[in-house]
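The C-terminal residue of the sequence shown carries number 90 in my numbering, and the numbering is unbroken. All C-beta atoms, glycine included, are put in the ideal place defined by N, C-alpha and C. Here the structure is a predicted model, which is why all the values come from computation and not from measurement.
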Amino acid sequence: MKVRVTVMLKEGVLDPQGKAISHALQTLGFPGVNDVHVGKIIELDIAGTDRAAVQKQAEDMARDLLANLVIEDFTVEVLG
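See below:
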């Protein structure tokens with residue numbers, strides 16, 4: 011099953027990459043951008059047919075390796 015894990019910095023954690031992109035967009039003439047947050051998307055192909063089991067396995071992977079839980083949050087979406 012295809013699974014998408016989205017990892018983003020927690021609210022309140024400094025995002026220097028987001029700040030740099032926000033500044034660059036303003037410089038390029040896009041003044042309406044107020045805030046930018048940069049994260050990562052990880053797509054996995056996990057063997058299995060039980061959606062709940064695949065969801066749990068992907069959440070375990072995110073918790074153990076894919077996200078730094080001190081500064082990041084994650085979501086898991088089973089795509090099918």
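For A34 and D60, what's the separation of their Cα atoms in angstroms?
Within the sequence shown, the letter at position 24 stands for residue 34. Within the sequence shown, the letter at position 50 stands for residue 60. Rounded to the nearest angstrom, the two C-alpha atoms are 45 Å apart.
- Task: Spatial neighbours of E69 within its chain, please: CB distance less than 7 Å, with the 5 preceding and 5 following residues excluded, ordered by chain position.
- Result: Residue numbering aside, residue 69 sits at position 59 when the sequence shown is read from its first letter. If we look at E69 and ignore the five residues flanking it on each side, its Cβ neighbours are V86.
Handout entry: Cβ neighbour criterion (16 or more within 10 Å) applied to A77
Key = Numbered from 1 along the sequence shown, position 67 holds the residue referred to as residue 77. Buried, by the Cβ-count rule.
With DSSP collapsed to three states, give me the class of V86. On the sequence shown, residue 86 is found 76 positions in, with the first residue counted as 1. If DSSP states are grouped into helix, strand and coil, V86 belongs with the strands.
- Message: As a quick exercise: from Q27, D55, I52, pick the residue whose alpha carbon is nearest that of D45.
- Response: Here the question's residue 45 lines up with position 35 in the sequence shown. Here the closest residue by C-alpha is Q27.
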